[in-house]
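Asks:
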Amino acid sequence: MSRPGRAAPLPPDERREAILRAVRAVVLDRGTRVTTKELAQAAGVAEGTLFRVFPDKDALVRAVVLAAVDPADDVPAIEAIDRDAPLADRVRAVVEIGLARTGRAIRWMGILHELGRPPHGEHDEEAHRHMVEFTTRQERGQAAVRDAVTDVLAGDADRLARPVDEVAELLAVTVMGLSMLQIEATRRRAEPRLPALDVVVSHFLTGALGPPAAVSSPDLSSAPARSV
1 MSRPGRAAPL PPDERREAIL RAVRAVVLDR GTRVTTKELA QAAGVAEGTL
51 FRVFPDKDAL VRAVVLAAVD PADDVPAIEA IDRDAPLADR VRAVVEIGLA
101 RTGRAIRWMG ILHELGRPPH GEHDEEAHRH MVEFTTRQER GQAAVRDAVT
151 DVLAGDADRL ARPVDEVAEL LAVTVMGLSM LQIEATRRRA EPRLPALDVV
201 VSHFLTGALG PPAAVSSPDL SSAPARSV
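Numbering (the UniProt record's numbering), first residue to last: 1 to 228.
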């Protein structure tokens with residue numbers, strides 16, 4: 001009877017992604033203070049294994065940050081929004097999810113800022129390849145979010161003043177504007193002064209919803225004239 005062999009090692013790209021997922025929490029918690037030992041423990045591998053995949057600790061932390069700000073991470077939460085809820089509640093939920101992601105992204109970008117720019121050297125080509133992958137992932141994630149938001153709004157398509165995909169895009173612009181207020185406040189180390197979400201939703205829907213259907217009035221042209 002043959003003894004079971006060891007599991008086949010993951011292909012390099014899959015192993016890289018597995019490590020990035022495994023160490024995300026400890027990097028967010030410890031930032032640039034995280035040690036190689038802590039990273040290896042979180043990933044469940046030897047420290048030497050990390051450096052067969054990443055040139056150094058900073059390269060690993062930088063890769064974790066870029067992977068962690070993928071917009072597609074919001075898709076499950078958007079898909080979980082109750083389609084039977086009132087439209088205003090669904091719009092509010094989309095805005096809340098987007099602002100929560102901005103809050104997380106600010107923390108991640110703070111870690112990236114602490115790292116500074118990567119040094120030029122022998123790993124430039126690999127760093128460029130991963131940056132291209134990051135850009136592609138961002139574009140793909142943003143498209144996935146737009147599709148998910150479009151689906152959230154689709155049940156009320158007949159009430160909207162514009163096609164539902166355009167309204168979803170406008171909602172994304174609204175969230176982006178609020179996010180920029182958050183980011184700017186963080187840069188100034190001030191408390192964000194955002195309008196109340198109920199106000200944001202109300203104003204958004206004022207423009208997004210079409211005029212109410214006109215109530216047809218009876219045709220009086222052929223009615224007999226009433227005597228005065």
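Don't be surprised by glycine CBs; every beta carbon is placed ideally from N, CA and C.
P11: buried (16+ other C-beta within 10 angstroms of its C-beta) or exposed?
Replies: By the neighbour-count rule (16 or more Cβ atoms within 10 Å), P11 is not buried but exposed.
Asks: Quick one: what's L209 bridged to in DSSP?
Replies: Answer is L160, bridged to L209.
Asks: Looking at R140 and A68, is the spacing between their C-beta atoms short of 9 Å?
Replies: No, the Cβ-Cβ distance between A68 and R140 is not below 9 Å.
Asks: Cα-Cα, which of P192, L209, E184 is closest to L170?
Replies: That would be L209, whose Cα lies nearest to the Cα of L170.
Asks: Can you grab the Cα-Cα spacing for the pair M176 / A161, in whole Å?
Replies: So the alpha carbons of these two residues sit roughly 21 Å apart.
Asks: With distance defined between alpha-carbon atoms, name the residue in A46, L28, D158 nearest to residue 230.
Replies: The requested residue 230 does not occur in the structure, where the chain is confined to residues 1 to 228.
Asks: Helix, strand or coil: which one does DSSP assign to G155?
Replies: Three-state result, G155: helix.
Asks: Determine the closest residue to D151 out of F134, M180, I81, A105, with distance taken between C-alpha atoms.
Replies: Nearest option by C-alpha distance: I81.
Asks: Based on Cα-Cα distance, which residue from G155, P195, F204, I183 lies nearest to R101?
Replies: Of the candidates G155, P195, F204, I183, the one whose C-alpha sits nearest the C-alpha of R101 is I183.
Asks: How close, in whole Å, do the beta carbons of V145 and T174 come, if the pair is a contact with beta carbons under 8 Å?
Replies: Wrong, their Cβ atoms sit about 13 Å apart, outside the cutoff.
Asks: Decide if G98 is buried, meaning its Cβ has at least 16 other Cβ atoms within 10 Å, or exposed.
Replies: The residue is buried, with at least 16 neighbouring Cβ atoms inside 10 Å.
Asks: Would you call the CB atoms of L194 and L205 closer than 9 Å?
Replies: Not in contact: L194 and L205 (Cβ atoms no closer than 9 Å).
Asks: Out of curiosity, what's the CA-to-CA distance linking V27 and V34?
Replies: Cα to Cα, the separation comes out at about 6 Å.
Asks: Please classify P71 as buried or exposed, where buried requires at least 16 neighbouring CB atoms within 10 angstroms.
Replies: Buried, by the Cβ-count rule.
Asks: What do you get for R92, buried or exposed, if any count of 16 or more other CB atoms within 10 angstroms of its CB means buried?
Replies: R92 comes out buried.
Asks: So L60 is in the alpha helix (DSSP H); what residue range does that whole segment cover?
Replies: Its alpha helix (DSSP H) spans residues 57-68.
Asks: What's the C-alpha gap between K37 and E125?
Replies: Using only the alpha carbons, I get a separation of about 27 Å.
Asks: Give me the residue from V95, D147, A172 with the minimum Cα distance to L197.
Replies: The candidate whose alpha carbon is nearest that of L197 is V95.
Asks: For E191, I'd like the list of residues in its chain whose CB is within less than 8 Å of its CB, leaving aside the five on either flank, ordered along the chain.
Replies: Around E191: A185.
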